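Residue numbers for the sequence shown follow my numbering, beginning at 6 and rising by one. Note that the Cβ used here is the ideal one computed from N, Cα and C, for glycine as well. As the structure is a prediction and not an experimental result, all values here were calculated from the model.
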Amino acid sequence: GAGEICSSGMCVLSCASPTQDCGGVCVNTSVDPTNCGACGRSCGSPTNAVGACISGSCNFFCSGLNGDCNRDLGMVGTDGCETSLATDRNNCGACGSVCIAGSTCSMGRCTPTSTTTTGSSGFGMNGSGSGTSFDPGMGGLVVDTMPAEDADYLWVPNTAESTVSRWDARTATEVGRYLVGLPSGECRGVCCWNNNCNMPSRVAVDGRGDAYVANRGFTMQGTVVKIAGSRADCVDRNGNGMIDTSTSSTPMPWGTDECILWTANVGVSNAVLRALTIDAGDAAHPEGYPWVGGYNTFLFYKLNPDTGAVMQTVSVPVRPYGAVILPNGRLFVGVLGGDRSGWFDTTSASPTYNTVMFPYALRGNCNDAYGITADGNGRVWFSGWGCQDTFAYDPATGAWSTTPRLGTTSGRGVTVDPSGRIWTATYHNPYRLHFWDASDFRPNGVIPAGEITTIDMPAGNTEPAGIGADSRGIIWSTSLALSNNLLRIDPTTRAVATYTGTNQVYTYSDFTGGVRRSVIATGVYDEVIDGICDNPTWVALNYDVSVPMGAEIDFVVRTADTVAGLSAAAATTVANIGADVTPANLQLALSMAGVTPRRYMRLTSILRGESGITPVVRSYTVDWTCP
């Protein structure tokens, strides 16, 4: 009627916050790419790029294997992402990555164009990896806990529909949704502790960016699902020459999404899988091994990353409700209530459990707990739930610290961001977020209230659950309330953006992978070398590295007849630095391991460092001969 405007397909008298009237239609100018920051301001889509509106500002991202090598994206007159990173040998796979003489660029990889009876292949940033980047100041490859160029995803469990959503943190858009668990336990429309239902909740992300989801399974079989973080790791099961997978908020039917790598039954029926974390891994699996806790079985299960099969079980005297693993391999157990936690060593063949009692007196004669996380200095943080605090334990000294009571029930989730700040939420209406520096830890004391910053969420947001930080330090908060809002918080400006489309998100685990990146500082870099002939002799690995105290590098090789066969080939550690010195004798290492040399070799560099410390790989060469 007269004087009315259109909002979400309905006639209304005025636009409700945070929308505004743009030509008779209510739009949210903080996220609408055609009205970004103001009515009529369109972000557009430059050549080979996409535009997204984030907190009222236009942001642009290159699509496919294209790059903005002249750095004019977002400027007036931009030519977009003008460079083909797939074929340009001067920008192969990344801007500035030049292929060596005699090579061409194909699909973003430098490929030799000539053959020889002897060979030497050098480090030229032509490989791929995760958690690493090239640092010009340090002159080489380093551990990077904030890889700005890598894919950055949130894995958000929609508990009320037995799905997990993949959100692109850079564009704040949902780019995939996956049915998880068992088809018989789908239970659409119910949440969050219903019997005979999958009830997905805990999430963890490994060093490759693959996601693991634990479906708790009340009075039924609990399961863990692995989802590929990269389309390159998905499996063309139906042989149609393409990867069939969800790319929107609509999941594919059960059993048809080819980016779901496996679903594994874990434990007995009604084990109730309420803890999930990823360890630091080893030479065979540097991305890490998942550990799953059974609430009703008092057991942790170590899973094979390739199949989901249980490799080891560890008995604990508490009911696992969460978990976090420190750089030294210690797994600390999160609990629901109670007066104690504890840990065991995941690197031990026969782990023993060590009990740690909560600081009852320090917390005002109160004991309670819920979520769990850790900071880069190896301190473990717990959300205090009914005690209205967040408290922490330093395993190195045995000291405890706590916050003042934050005014009401502490939220379920607690996390750490890349800057070393601790974040949690409290139950107000609307709920609030609180953060402080992990360095504010007061040994056997209380963190001063003045060190804690509080941010109010928009009206209508209640029942906070998950909280996580993406690789750029942006905070994401989820709720199990029916409002189904996903909130994005900028720590610098305190601006809060609201996104919809989730479905009662009951999680308070590391759904961004940010905690593992901050705590377990590990980077992996792979390069495939073609020996040209079918029966080469891999001779030597020469390397120029820097390994400060608190850091180490492993060089691991696999060899196979085909590139596709490398993933299943046996892993052989050929050098551990600083225990070994250059050059490494590849021929001897492979012979001692009983490995027959084949045409293709994958050389994996595994870089590890304690908080704030990184090794540097400046260069390496691999030498070989052909018959």
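Nearest-angstrom Cα separation, counted from Asp-241 out to Thr-577: Residue 577 sits at position 572 when you count from the first residue of the sequence shown. Residue 241 sits at position 236 when you count from the first residue of the sequence shown. Taking the straight line from one Cα to the other gives about 28 Å.
Along the chain, where does the alpha helix (DSSP H) that runs through Leu-593 open and close? Mapped onto the sequence shown, residue 593 falls at position 588. Note, Leu-593: alpha helix (DSSP H), 591–597.
According to DSSP, is Val-562 helix, strand or coil? The residue you call residue 562 lines up with position 557 of the sequence shown. Reduced to three states, the DSSP call for Val-562 is strand.
Alpha carbon of Met-525 to alpha carbon of Arg-193, nearest angstrom: Locating residue 525 in the sequence shown gives position 520, counting from the first residue. Locating residue 193 in the sequence shown gives position 188, counting from the first residue. According to the sequence as given, residue 525 is Ile; it is not Met. Cα to Cα, Ile-525 sits roughly 36 Å from Arg-193.
Are the CB atoms of Leu-281 and Tyr-217 within a distance shorter than 8 Å? Taking the sequence shown and counting its residues from 1, one reaches residue 217 at position 212. Taking the sequence shown and counting its residues from 1, one reaches residue 281 at position 276. Yes. Within cutoff.
Which residue marks the beginning of the alpha helix (DSSP H) containing Gly-519, and which one marks its end? Mapped onto the sequence shown, residue 519 falls at position 514. Element bounds for Gly-519: 519–524.
Can you look up Glu-166 in the DSSP assignment and give me helix, strand or coil? Working through the sequence shown from its first residue, we reach residue 166 at position 161. It is helical.
In the DSSP output, what is Phe-66 paired with across the bridge? The count along the sequence shown starts at 1 and reaches residue 66 at position 61. Partner(s): Val-55.
Based on the DSSP output, what are the partners of Asp-461 in its beta bridges? The sequence position of residue 461 within the sequence shown is 456, counting from 1. The partner list for Asp-461 (beta bridge, DSSP) reads Arg-437.
Helix, strand or coil at Asp-350 [DSSP, three-state]: Along the sequence shown, one-based indexing puts residue 350 at 345. In this structure, Asp-350 counts as strand in the three-state DSSP scheme.
Range covered by the beta strand (DSSP E) that runs through Val-36: Here the question's residue 36 lines up with position 31 in the sequence shown. Counting along the chain, Val-36 falls outside any beta strand (DSSP E), and DSSP gives it neither H nor E.
What separation, rounded to the nearest whole angstrom, lies between the Cα atoms of Leu-187 and Thr-228? Here residue 187 is taken as the residue at index 182 of the sequence shown, counted from 1. Here residue 228 is taken as the residue at index 223 of the sequence shown, counted from 1. Cα to Cα, Leu-187 sits roughly 8 Å from Thr-228.
Quick check: what's the CA-CA separation for Pro-423 versus Arg-477? Within the sequence shown, the letter at position 418 stands for residue 423. Within the sequence shown, the letter at position 472 stands for residue 477. Pro-423 and Arg-477: Cα-Cα distance of roughly 7 Å.
Supposed close pair Ile-582, Val-561 - CB separation, criterion 8 Å: In the sequence shown, residue 582 corresponds to position 577, counting from 1. In the sequence shown, residue 561 corresponds to position 556, counting from 1. Actually they do not touch by this definition, with Cβ atoms about 12 Å apart.
Checking 8 Å against the spacing of the C-beta atoms, do Ile-534 and Leu-608 come in under that value? Numbered from its first residue, the sequence shown carries residue 534 at position 529. Numbered from its first residue, the sequence shown carries residue 608 at position 603. A contact, by the Cβ cut-off of 8 Å.
With DSSP as the reference, label Ala-573 as helix, strand or coil. To locate residue 573, count along the sequence shown from 1; it is residue 568. Coil, per DSSP.
Taking Gly-334 as the reference, which of Gly-286, Ser-406 and Thr-164 has the closest Cα? Sequence index remark: in the sequence shown, residue 334 carries index 329 (1-based). Checked all of Gly-286, Ser-406 and Thr-164; the closest Cα to Gly-334 is Gly-286.
If you drop the 5 nearest sequence neighbours on each side, which residues of the same chain put their C-beta closer than 6 Å to that of Thr-88? Within the sequence shown, residue 88 is the residue found at index 83, counting from 1. For Thr-88, where only same-chain residues beyond five positions count, the Cβ hits under 6 Å are Gly-72, Cys-74 and Asn-96.
Touching by the beta-carbon criterion (3+ pairs, under 8 Å), the stretch 255–264 and the stretch 305–318: no
Gly-528 vs Met-606 beta-carbon contact at 8 Å: The residue you call residue 528 lines up with position 523 of the sequence shown. The residue you call residue 606 lines up with position 601 of the sequence shown. Cβ distance not < 8 Å, so Gly-528 and Met-606 don't count as in contact.
Residues near Asp-157 by beta carbon distance below 6 Å, same chain, minus five either side: To locate residue 157, count along the sequence shown from 1; it is residue 152. These residues qualify, in order along the chain: Ala-174, Arg-175, Asp-475 and Ser-476.
Looking only at DSSP bridge pairs, what is Arg-607 linked to? One-based indexing of the sequence shown puts residue 607 at position 602. According to DSSP, Arg-607 bridges with Val-533 and Arg-563.
Mind checking which residues open and close the beta strand (DSSP E) that includes Arg-623? The count along the sequence shown starts at 1 and reaches residue 623 at position 618. Here the beta strand (DSSP E) through Arg-623 covers 621–630.
Residues sharing a beta bridge with Val-501, DSSP: Taking the sequence shown and counting its residues from 1, one reaches residue 501 at position 496. The partner list for Val-501 (beta bridge, DSSP) reads Ile-494.
Would you call the stretch 460–469 in contact with the stretch 432–449, where contact means no fewer than 3 C-beta pairs closer than 8 Å? yes
From Gly-376, Ala-598 and Trp-629, pick the residue whose C-alpha is nearest to that of Gly-208; which is it? Position 203 of the sequence shown, counting from 1, holds the residue named residue 208. Looking at the sequence shown, residue 208 is not Gly but Val. Nearest of Gly-376, Ala-598 and Trp-629 to Val-208, Cα basis: Gly-376.
For Tyr-306: DSSP bridge partner residues: To locate residue 306, count along the sequence shown from 1; it is residue 301. For Tyr-306, which the question treats as bridged, DSSP gives the partners Val-297 and Thr-318.
Taking contact to mean 3 or more Cβ pairs, one atom from each stretch, closer than 8 Å, check whether the stretch 376–391 and the stretch 411–428 are in contact. yes
Taking the alpha carbon of Tyr-513 as the point to measure from, which residue in Leu-336, Pro-205 and Ala-589 has its own alpha carbon closest? What you label residue 513 is simply residue 508 of the sequence shown in a count that begins at 1. Among Leu-336, Pro-205 and Ala-589, the Cα nearest to that of Tyr-513 belongs to Pro-205.
Suppose you measure from the CA of Val-510 to the CA of Val-544; what does that come to, to the nearest Å? In the sequence shown, the residue the question calls residue 510 occupies position 505. In the sequence shown, the residue the question calls residue 544 occupies position 539. For Val-510 and Val-544, the distance between alpha carbons rounds to 53 Å.
Where do the ends of the beta strand (DSSP E) carrying Asn-359 lie? As a working note, residue 359 is residue 354 in the sequence shown. 359–362 is the extent of the beta strand (DSSP E) around Asn-359.
Please tell me whether Ala-580 and Ala-574 are closer than 8 Å, where the distance is taken between their beta carbons. Numbered from its first residue, the sequence shown carries residue 580 at position 575. Numbered from its first residue, the sequence shown carries residue 574 at position 569. No, the Cβ-Cβ distance between Ala-580 and Ala-574 is not below 8 Å.
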